[in-house]
Amino acid sequence: MNEPRIVIVGAGPAGVRAAEVLAAVGLRPVLVDENQRAGGQIYRQPPAGFVRSAKQLYGFESAKADALHHTFSQLLSHIDYRPETLVWNCDGRQLDLLDRGQQRSLPYSHLMLCTGAIDRVLPFPGWLLPGVYTLGAAQVALKAQGCVIGSRIVMVGSGPLLYLLAYQYAKAGASIAAVLDTSSFSGKLQATADLLKQPLTLAKGLYFLAWLRCHGVKVVEGVDKIAVSGEQKVKTISWHKNGREQTLECDAVASGFGLRSETQLADLAGCVFEFNQLNQQWLPQRDLAGRSSVKGVYLAGDGGGIAGADAAELAGKRAALALLEDLGKTIDPREGRRLDRALQRIQGFRRGLERAFPAPVAWARECADEEIICRCEEITAGELRRVVNHAGTVEMNRLKALTRVGMGRCQGRVCSAAAAEILACSAGKSLTEIGRLRGQPPIKPFPVVVGVALSSARETS
Amino acid sequence: MSERLTADVAIIGGGLMGCSAALALRRMNLSVVLLEQGWCGAQASGVNYGGVRRQGRPVVQLPLSQRAYAIWQRLPQLIGSDCEYAISGHLKLARNEAELASLEDYRGQADGFGLQLEILGREALRQRYPWLGENIAGGSLCPGDGHANPRLVAAAFALAARNHGADLREGTTVESAVFDGRQFTVCAAGGLEVKAKFLLNCAGAWGAKFAEQFGEQVPEYPIFPNMWVTEPMPKLVEPNVGIVGGGFYVRQVARGNFVLGGGRGTGQLAIASTRPDSAAMFASMRMACEFIPALRNALVIRSWTGVEGALPDHQPVLGPSVTTPGLFHAFGFSGGGFQLAPAVGEVLADLVAHGATATPIEAFSIGRFNAAS
């Protein structure tokens with residue numbers, strides 16, 4: 001039998017742990033990563049020469065970050081590591097890479113997708129003003145560049161990242177004017193039973209909240225009707241609480257409404273998708289161990305469903321074991337079962353988080369017609385609704401064809417969640433019924449000049 | 001669930017051909033049921049390049065193409081939208097004197113069809129289009145040609161047909177079609193049965209499959225155009241640009257994106273199975289940059305393909321069946337159907353209503369394949 005050619009996409013917690021398991025039995029996987037350094041988003045490392053300590057960068061999680069980075073440095077000589085490399089296409093047998101400015105093809109026999117997540121973006125008035133960031137982008141700024149997004153910052157949205165980021169920013173010395181949480185206190189109480197499945201994680205969340213309040217940060221739960229205004233950049237933010245409007249001056253806003261899995265490569269690899277109620281997203285089907293519907297393609301970490309960094313490490317190991325098993329190698333079944341149990345516990349906690357931090361249910365109904373949903377193509381909510389009403393559109397790809405929504409640079413990575421909500425709400429359908437955008441390569445923009453150089457080289461050789 | 005419908009005309013296929021025929025028939029007050037396996041206009045009609053081009057067509061297509069050209073001019077009155085139709089010109093480039101001679105030759109052949117072709121030498125071309133690259137011997141401009149947005153056109157024809165009273169059934173896969181000597185019975189998945197005096201086979205790449213049910217063999221095969229689009233760029237290129245012998249074609253849309261095609265993708269007879277091909281894209285990138293060097297600085301944001309039906313002689317099948325009275329075919333347009341479609345719909349309506357059409361279509365007869373065998 002030919003030597004298996006294993007490619008792992010993503011050097012976050014899932015990808016690194018998967019590589020570790022494979023390297024331990026003498027396999028040499030290729031680990032492709034878009035970033036300069038390993039760690040993913042959660043344990044992102046600053047560029048070489050930056051001097052913030054792990055404790056400063058990762059807080060409570062610094063030991064886990066250190067451990068992952070340490071594992072990775074030990075792995076380096078045992079794997080084929082390709083940093084700064086974008087996987088922009090997959091045809092079911094090979095990947096197309098943009099490897100530090102060069103096009104390369106990379107055939108695989110086994111593909112492990114550890115592609116992570118992106119913020120769920122739900123537009124609100126003023127969301128396109130300079131000074132408005134996603135929570136994820138604000139966190140990248142802090143971790144990678146050691147800078148903050150403003151001098152008087154408001155964090156707004158829903159999800160655990162809201163409090164974590166506010167805490168990280170405040171600890172780094174940033175001035176947080178307010179934390180505005182669109183989920184309510186009572187919802188969080190109802191979720192307590194599930195949240196207690198991870199008492200330590202729950203305790204950390206409560207600690208962040210208490211710390212913020214102790215340090216005089218204004219924290220408001222159960223807000224709605226968020227609106228940012230300003231002339232050339234953010235000047236004020238307003239919201240409603242119990243029907244009363246309040247306004248605050250600020251110069252930067254970070255917003256986010258939970259995370260969405262990055263599933264484009266799984267789509268191009270031919271995986272079957274199904275609608276996942278917990279994630280409120282179409283996700284590639286997978287078994288407990290991480291096998292997708294396509295033989296030889298595995299999913300681990302947030303890219304296959306949001307479960308956080310701890311789960312990603314476990315899932316990376318679990319999927320790698322499944323891969324070894326599929327290669328006919330003997331694995332310790334107890335290890336697999338131990339990982340399965342641990343992952344199930346986290347999944348219970350995750351259910352609690354979704355109940356505690358639901359995406360704003362009334363968003364699609366309340367979003368104003370003039371709000372831009374697709375910023376690449378400048379498509380408003382009103383245009384989407386008009387096509388639904390005028391042409392009777394009830395399916396996502398049709399909406400894309402008729403309006404251009406999701407056709408721009410982001411290819412729907414940013415706008416498709418909001419567009420789907422608008423379509424479902426206007427057409428009176430569920431998110432399941434309206435389907436999902438079909439992926440097309442490149443999953444991120446690809447420079448023409450690279451293709452030209454490659455084509456010329458082929459001609460002359 | 002079973003449902004029985006009766007209509008004057010049943011149409012298989014909700015692409016541009018079927019939808020424009022449905023509208024034309026309704027305008028003659030004939031009742032129409034159209035059956036489409038997916039969404040109207042989602043296959044070849046929706047994923048093609050969008051060229052509204054007469055230049056370069058085989059001369060036998062030009063009468064049909066000219067009839068279509070006249071309809072394109074009144075699209076808003078006909079279907080309530082211009083579908084981003086723009087008369088931007090079509091410029092066909094020649095790399096050398098031999099290719100330039102072939103363009104001059106074509107101008108002679110097309111004389112009398114109203115294309116108003118203008119041959120431009122190297123210097124004239126450079127002066128008029130300073131964005132062009134170096135190695136171009138000349139070109140031929142058809143000023144009246146242009147482009148439209150393919151995603152919108154078939155959908156707009158479908159909507160107009162529906163508003164005129166056509167019964168359009170999407171997500172309805174036809175399983176069988178038979179003729180009992182008097183009328184057609186078309187059965188679709190889900191228990192739908194349509195009886196009609198006339199049947200139009202507008203099934204695109206699936207057209208040969210239905211022709212076969214009436215004893216007509218056609219060597220149709222699927223092709224997968226390889227398309228890609230850049231991010232919006234500063235406005236630079238007005239006309240559609242193509243090259244003698246094909247290989248690549250490009251236009252810049254009002255929003256600034258360049259839409260390009262060249263080579264073939266891969267797939268089977270199912271749109272979900274189609275894939276653009278990276279190597280074909282790189283090859284067409286190189287050609288495109290040779291002729292429009294500014295494209296080197298662009299980023300590609302999406303590539304795609306879809307299923308089109310093609311025939312060995314690159315001519316469509318259009319006209320009456322040779323085996324079955326009341327059956328008319330319109331499929332296998334070989335990558336060149338978009339511009340023709342509005343006229344094809346009218347021709348089919350002529351054939352249904354009058355048994356004949358004023359537009360010469362003999363060259364597209366399905367009988368040409370029987371004769372050869």
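Residue numbers (UniProt numbering), protein chains in the order written: chain V, 1 to 461; chain Y, 1 to 373.
For glycine and all other residues, C-beta sits at the position ideal for the given N, C-alpha and C.
Next item on the list: Name the two residues that bound the continuous beta strand (DSSP E) containing Ile153 of chain V.
Entry: Taking the first residue of the first sequence as 1, we reach residue 153 of chain V at position 153. Residues 153–158.
Note to self: Quick check: the Cα distance between Leu62 of chain Y and Ala341 of chain Y, rounded to an integer number of angstroms?
What the structure shows: By one-based count along the second sequence, residue 62 of chain Y stands at place 62. By one-based count along the second sequence, residue 341 of chain Y stands at place 341. In a straight line, the C-alpha of Leu62 of chain Y is about 13 Å away from that of Ala341 of chain Y.
Notebook entry, point to check: Of the residues that make up the region 230–242 of chain Y, which ones have a beta carbon closer than 8 Å to any beta carbon in chain V?
Noted result: Thr230, Glu231
Next item on the list: Pull up the CB-CB distance for Ile153 of chain V and Val217 of chain V, whole angstroms please, since I reckon it's below 8 Å.
Entry: Residue mapping note: residue 153 of chain V aligns to position 153 of the first sequence, counting from 1. Residue mapping note: residue 217 of chain V aligns to position 217 of the first sequence, counting from 1. Not confirmed; about 10 Å, so no contact.
Check: To which residues of the same chain is Glu84 of chain Y closer than 6 Å at the C-beta, ignoring the five residues directly before and after it?
Finding: On the second sequence, residue 84 of chain Y is found 84 positions in, with the first residue counted as 1. Ala148, Asn149.
Margin query: If we define contact as Cβ-Cβ less than 7 Å, is Gln285 of chain V a contact residue for chain Y?
Written below: Mapped onto the first sequence, residue 285 of chain V falls at position 285. No, Gln285 of chain V does not count as interfacial toward chain Y.
Note to self: Which residue marks the beginning of the alpha helix (DSSP H) containing Gln252 of chain Y, and which one marks its end?
What the structure shows: Position 252 of the second sequence holds residue 252 of chain Y. Run containing Gln252 of chain Y: none in the alpha helix (DSSP H); it sits in the beta strand (DSSP E), 249–252.
Next item on the list: Could you tell me whether any Cβ in chain V is nearer than 7 Å to the Cβ of Phe338 of chain Y?
Entry: As a working note, residue 338 of chain Y is residue 338 in the second sequence. With 7 Å as the cut-off, Phe338 of chain Y does not count as an interface residue toward chain V.
Notebook entry, point to check: So which residues on chain Y does Leu95 of chain V lean against when the C-beta distance must stay under 8 Å?
Noted result: By 1-based counting over the first sequence, the position of residue 95 of chain V is 95. Near Leu95 of chain V there are no residues of chain Y at all, since even the closest Cβ is about 10 Å away, more than 8 Å.
Margin query: Is there a C-beta anywhere in chain Y that falls below 7 Å from the one on Pro445 of chain V?
Written below: Numbered from 1 along the first sequence, position 445 holds the residue referred to as residue 445 of chain V. It does; some Cβ of chain Y falls within 7 Å.
Next item on the list: Identify every run of the alpha helix (DSSP H) within the region 197–283 of chain Y, keeping only runs that are complete inside it and at least 4 residues long; order them along the chain.
Entry: 207–212
Check: Which value, in whole angstroms, describes the spacing of the CA atoms of Thr357 of chain Y and Phe328 of chain Y?
Finding: For this step, residue 357 of chain Y is matched to residue 357 along the second sequence. For this step, residue 328 of chain Y is matched to residue 328 along the second sequence. When rounded, the distance between both Cα atoms is 12 Å.
Next item on the list: Per DSSP, which residues does His147 of chain Y bridge with? Please list them.
Entry: Stepping through the second sequence from its first residue, residue 147 of chain Y is reached at position 147. Its beta-bridge partners are Y:Gly51, Y:Ala86.
Item checked: Neighbourhood of Ser373 of chain Y by C-beta, 8 Å cutoff - its chain only, sequence neighbours within 5 removed -> On the second sequence, position 373 is the one that residue 373 of chain Y refers to. Residue placement at Ser373 of chain Y cannot be trusted, given a pLDDT of 45 that sits under 50; what the coordinates show is reported in the next sentence. Answer for Ser373 of chain Y: Gln217, listed in chain order.
Next item on the list: Name, going along the chain, the residues of the region 374–390 of chain V whose beta-carbon falls closer than 7 Å to a beta-carbon of chain Y.
Entry: So the list is empty, because no residue satisfies the distance condition.
Notebook entry, point to check: Roughly how far, in whole angstroms, is the beta-carbon of Leu180 of chain V from the beta-carbon of Ile149 of chain V, given that I think they are within contact range, below 8 Å?
Noted result: Here the question's residue 180 of chain V lines up with position 180 in the first sequence. Here the question's residue 149 of chain V lines up with position 149 in the first sequence. So it is not a contact: roughly 15 Å between Cβ atoms.
Margin query: Let me confirm a value: Lys317 of chain V is counted as buried when at least 16 other C-beta atoms fall within 10 Å, else exposed. Which label applies?
Written below: Here residue 317 of chain V corresponds to residue number 317 of the first sequence, with the count starting at 1. Burial call: buried.
Next item on the list: Indicate the three-state DSSP secondary structure (helix, strand or coil) for Ile373 of chain V in the structure shown.
Entry: Taking the first sequence and counting its residues from 1, the one referred to as residue 373 of chain V is at position 373. Here Ile373 of chain V sits in strand by DSSP.
Notebook entry, point to check: Which same chain residues, not among the five before or five after Cys425 of chain V, have their C-beta less than 7 Å away from its C-beta?
Noted result: For the purposes of this step, residue 425 of chain V is taken as the residue at position 425 of the first sequence. Excluding positions up to five away in sequence, the list reads Ala364, Arg365.
Item checked: beta strand (DSSP E) runs wholly inside the region 138–185 of chain Y, at least 3 long, in chain order -> 138–142, 167–169, 174–179
Notebook entry, point to check: With respect to the beta strand (DSSP E) encompassing Ile8 of chain V, which residues constitute its N-terminal and C-terminal limits?
Noted result: The sequence position of residue 8 of chain V within the first sequence is 8, counting from 1. Start and end: 6–9.
Margin query: Just to make sure I have the definition right: I need the residues of chain Y whose C-beta is within less than 7 Å of the C-beta of Met112 of chain V. Which are they?
Written below: Within the first sequence, numbered from 1, the residue matching residue 112 of chain V stands at position 112. For Met112 of chain V, none of the residues of chain Y pass the 7 Å Cβ criterion, the least Cβ distance being about 22 Å.
Note to self: Using DSSP's beta-bridge definition, name the partner residues of Gln281 of chain V.
What the structure shows: Position 281 of the first sequence, counted from the start, is the residue given in the question as residue 281 of chain V. In DSSP, Gln281 of chain V forms a bridge with V:Asn276.
Notebook entry, point to check: What's the C-alpha gap between Cys142 of chain Y and Glu308 of chain Y?
Noted result: The residue labelled residue 142 of chain Y in the question sits at position 142 within the second sequence. The residue labelled residue 308 of chain Y in the question sits at position 308 within the second sequence. Approximately 26 Å between the Cα atoms of the pair.
Item checked: As assigned by DSSP and simplified to three states, the class of Asp310 of chain V -> As a first step, residue 310 of chain V must be located in the first sequence, where it is residue number 310. Of the three classes helix, strand and coil, the one that applies to Asp310 of chain V here is helix, per DSSP.
Notebook entry, point to check: Is Met285 of chain Y close to chain V, meaning its C-beta is less than 7 Å from at least one C-beta of that chain?
Noted result: As a working mapping, residue 285 of chain Y is identified with position 285 in the second sequence. Cβ-Cβ to chain V under 7 Å: yes for Met285 of chain Y.
Next item on the list: Could you give the DSSP three-state label for Ser53 of chain V: helix, strand or coil?
Entry: Locating residue 53 of chain V in the first sequence gives position 53, where the first residue counts as 1. Coil at Ser53 of chain V, not helix or strand.
Notebook entry, point to check: Per the contact definition of three or more C-beta pairs closer than 8 Å, is the region 118–135 of chain V in contact with the region 64–75 of chain V?
Noted result: no
Check: Contact between the region 325–336 of chain V and the region 344–356 of chain V: three or more CB pairs below 8 Å?
Finding: no
Check: Taking 7 Å as the CB-CB cut-off, is Ala372 of chain Y touching chain V?
Finding: Mapped onto the second sequence, residue 372 of chain Y falls at position 372. Model confidence at Ala372 of chain Y stands at a pLDDT of 46, short of 50, so the residue's coordinates are unreliable; what they give is reported in the following sentence. No, no contact with chain V.
Checklist line | Cα-Cα separation between Ser20 of chain Y and Leu122 of chain V, rounded to whole angstroms | finding: To locate residue 20 of chain Y, count along the second sequence from 1; it is residue 20. To locate residue 122 of chain V, count along the first sequence from 1; it is residue 122. Cα-Cα distance, rounded: 39 Å.
Next item on the list: Going by DSSP, name the residue or residues bridged to Cys90 of chain V.
Entry: Working through the first sequence from its first residue, we reach residue 90 of chain V at position 90. Cys90 of chain V pairs with V:Leu95.
Note to self: Please tell me whether Arg302 of chain Y and Val250 of chain Y are closer than 7 Å, where the distance is taken between their beta carbons.
What the structure shows: Counting from one through the second sequence, the residue named residue 302 of chain Y turns up at place 302. Counting from one through the second sequence, the residue named residue 250 of chain Y turns up at place 250. Going by beta carbons, Arg302 of chain Y and Val250 of chain Y fall outside the 7 Å limit.
Margin query: So, for Gln116 of chain Y: in the same chain, excluding its five sequence neighbours on each side, which residues have a beta-carbon less than 8 Å away from its beta-carbon?
Written below: As a first step, residue 116 of chain Y is located in the second sequence; it is residue number 116 there, counting from the start. Here the set comprises Cys142, Pro143, Gly144.
Margin query: Can you tell me where the alpha helix (DSSP H) holding Lys64 of chain V begins and where it ends?
Written below: In the first sequence, residue 64 of chain V corresponds to position 64, counting from 1. Here the alpha helix (DSSP H) through Lys64 of chain V covers 62–75.
Check: Are Val9 of chain Y and Leu23 of chain Y closer than 7 Å when you measure CB to CB?
Finding: Taking the first residue of the second sequence as position 1, residue 9 of chain Y is located at position 9. Taking the first residue of the second sequence as position 1, residue 23 of chain Y is located at position 23. At least 7 Å separates the beta-carbon of Val9 of chain Y from that of Leu23 of chain Y.
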